[in-house]
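K.L.:
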Amino acid sequence: MTQRAAIVLNLNGVDHAISVEPRRTLADAIRDDCGLTGTHIGCEHGVCGACTIIVAGEAVRSCLMFAVQADGKRIRTVEGLADGEQLHPLQEAFIAHHALQCGFCTPGFLMLSLHALERDPDLGDEELLDLLASNLCRCTGYQNIVKAVRGAAAVMRAGVVR
Amino acid sequence: MKPAPFQYHAPRSLQEAVAILAQVAPADGRVLAGGQSLVPIMAFRLARPSHLVDINGIEALARLAVENGKLCIGACVRHAAFERPVVEGPLGRLLAMVVRHIAHSPIRARGTFCGSIAHADPASEWCALVAALDGEIVATSVRGARVIAAGQFFAGIMATALAEDEVLTEVRLPLLAPDTRCGFYEFNRRAGDFALAMAVVHFRLVEGRMFKPRVAIGGAETHPRRVAAAEAALAANAPSPRVFADAAARAARDVEPLEDAQTNAQYRRELVVAVTRRALEAAL
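Protein sequences appear in the order of chains L and P. In case it helps, numbering that gives the first Met the number 0 puts the first sequence at residues 0 to 161. In case it helps, numbering that gives the first Met the number 0 puts the second sequence at residues 0 to 283.
1. If contacts are defined as beta-carbon pairs under 8 Å, then Thr-139(L) and Gln-100(L) qualify, I think. What distance do you get, rounded to the angstrom?
2. Compare the Cα-Cα distances from Val-251(P) to each of Asp-259(P), Arg-224(P) and Pro-238(P) and report the closest residue.
3. Could you tell me how far apart the beta carbons of Ala-215(P) and Ala-130(P) are, in whole angstroms, since I believe they sit closer than 8 Å?
4. In this structure, does DSSP put Leu-211(P) in helix, strand or coil?
5. If we define contact as Cβ-Cβ less than 7 Å, is Gly-34(P) a contact residue for chain L?
6. Quick one: residues in its chain with C-beta nearer than 6 Å to the C-beta of Ala-147(L), no 5 flanking neighbours on either side, listed in chain order?
7. Among Thr-1(L), Thr-51(L), Arg-22(L) and Ala-26(L), which one has its Cα closest to the Cα of Leu-8(L)?
8. Among the residues of its own chain, which have a CB less than 6 Å from the CB of Thr-275(P), if the five just before and after it don't count?
9. Which residues, taken in chain order from the segment 97-113 of chain P, show a beta carbon closer than 8 Å to some beta carbon of chain L?
10. If Asp-53(P) and Gln-68(L) are in contact, beta carbons under 8 Å, what's the gap, nearest whole angstrom?
11. With Gln-6(P) as the anchor, note down where its beta strand (DSSP E) starts and where it stops.
12. Taking the C-alpha atoms as reference points, what is the distance between Arg-161(L) and Arg-203(P)?
13. Determine, for Val-205(P), whether the minimum Cβ-Cβ distance to residues of chain L falls below 7 Å.
14. For a contact meaning CB atoms closer than 9 Å, what does Ala-122(P) contact in chain L?
15. What would DSSP say about Glu-163(P), mapped onto helix, strand or coil?
16. Thinking C-beta only, is Thr-262(P) closer than 7 Å to Leu-195(P)?
17. For Thr-186(L), would you say it is in contact with chain P, using Cβ-to-Cβ distances shorter than 7 Å as the test?
18. I think Cys-126(P) touches Phe-153(P), with their Cβ atoms under 8 Å apart; what is that distance to the nearest whole Å?
19. Residues of chain P with a CB under 7 Å from the CB of Gly-123(L): which are they?
20. Using the three-state DSSP reduction, which class does Gly-73(P) fall into: helix, strand or coil?
21. Looking at the structure shown, is Cys-62(L) part of a helix, part of a strand, or coil, going by DSSP?
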């Protein structure tokens, strides 16, 4: 009776062929069916932003998409940020500026910021605050996240990024 | 926090979509567009549609075009499309001004303009804007397409004139004359949160006097609407703090405010005064 769909999720360049019920959220499919648990699930209704990933070039809440809707689309998650042992400038900046404590929200903030900086590395202060208001962090008080993203933006502007 | 099971349909044409919807609507089949309101409601199981008709794969519905002096917004046009003006002149600027108040960037990347209209949350910015502009809503089903005026469309909290087998396929907004002044103001407790009250206003200045003023209030009542009493207070008058205050007071007297645990009617009424005055000041 229960409908299942055979789909392929392309996660960070690697195809994962899975079978899911239509009600399976993209976030659950990435974690439970593909085993990439870097994408965190907080509120499961689009408020907290912990599950933010990049789908077909847009930063989106993966708890508000069904996995069947992402079939064949190019998906980027936090696991795709580092190049082997070499962390991405955003990850380096989050460490350097103490932009995390418990780390639960961090994957979402990283993917949200990555998308914004790749689109516009000259993101203004007002736009940056507006952007970061998308996601919830209960540890840092945000100031260090703002500093980290500004710091990473400077590195990425300088072209040090891969 | 997991949605209940449903059958998933991904039609590639509008014809196919309305045919499927006609079949499944009686069994609580729903249209899925951006999903930024429907999916959370499903996660809470406040909605348990037995079928979802996903219209994201229908290319024709991503249309955003100017036709016969109107901006035609297809059902799959995302909020984010309006972050830069989509047309020259006041309409493009008004849309760009308002869109910044809708949720947050990742939500705006998925959620759709038409989805907001079909969902008809009382606090929807786009619904207030469509009311202020007397927009037209196009509803399509196997029975054909019909055009509904904004004034006849919104019927209550998340209630509209759409029939269960109709897809909201397009919203049409009139282009505004180059000398049109537009203003928007909303109050909410946190950035990106649902507004407690908002106002969308526009008028033209002819020889220093306000011509065809429009005042729409959203977030305060069950659905957004134009407030004739406030518009009458502006018409043929020169803009001034006194005239704006009078219009704002009339708007506040006219509304029947929604109440909730944190917001009583008196507070919402006072917010209507403030948002109306500030939207008018922003328009100047």
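Beta carbons are placed, not taken as given, at the ideal position from N, Cα and C, and that holds for glycine. On a predicted model such as this, the values are computed, not experimentally measured, just so you know.
P.N.:
Taking the coordinates as given:
1. Indeed, because the Cβ distance is near 6 Å, the residues count as touching under 8 Å.
2. Val is not the amino acid found at residue 251(P); the sequence shown has Ala there. Nearest C-alpha to Ala-251(P): Arg-224(P).
3. Indeed they touch by this definition, with Cβ atoms about 4 Å apart.
4. At residue 211(P) the sequence reads Lys, which differs from the Leu that was named. The three-state secondary structure of Lys-211(P), taken from DSSP, is strand.
5. Chain L contact via Cβ: present.
6. In chain order, Ala-92, Phe-93, His-96 and Ala-98 place their CB closer than 6 Å to the CB of Ala-147(L), counting only its own chain and leaving out the 5 sequence neighbours on each side.
7. Minimum Cα distance to Leu-8(L) is reached at Ala-26(L).
8. Result list for Thr-275(P): Ala-198, Ala-247 and Ala-250, in chain order.
9. Residues Arg-99, His-103, Ser-104, Pro-105, Ile-106, Ala-108 and Arg-109.
10. About 7 Å separates the beta carbons of Asp-53(P) and Gln-68(L), which is inside the 8 Å limit, making them a contact pair.
11. Looking at the DSSP string, the run of the beta strand (DSSP E) that includes Gln-6(P) is 6-8.
12. Legend: pLDDT at Arg-161(L) = 49, less than 50; position of this residue unreliable, no value from coordinates given.
13. No, because no Cβ of chain L sits closer than 7 Å to the Cβ of Val-205(P).
14. Neighbours of Ala-122(P) on chain L: none; closest Cβ ~15 Å, over 9 Å.
15. Assigned with DSSP and collapsed to three states, Glu-163(P) falls in coil, not helix or strand.
16. With a cutoff of 7 Å on beta-carbon distance, Leu-195(P) and Thr-262(P) are scored as near each other.
17. No answer is possible for residue 186(L): it lies beyond the span of chain L, which begins at 0 and ends at 161.
18. About 6 Å separates the beta carbons of Cys-126(P) and Phe-153(P), which is inside the 8 Å limit, making them a contact pair.
19. Chain-ordered listing is empty here: chain P has no CB closer than 7 Å to the CB of Gly-123(L), the nearest sitting near 13 Å.
20. Correct three-state label for Gly-73(P): strand.
21. Cys-62(L) sits in a helix when the DSSP states are folded into three classes.
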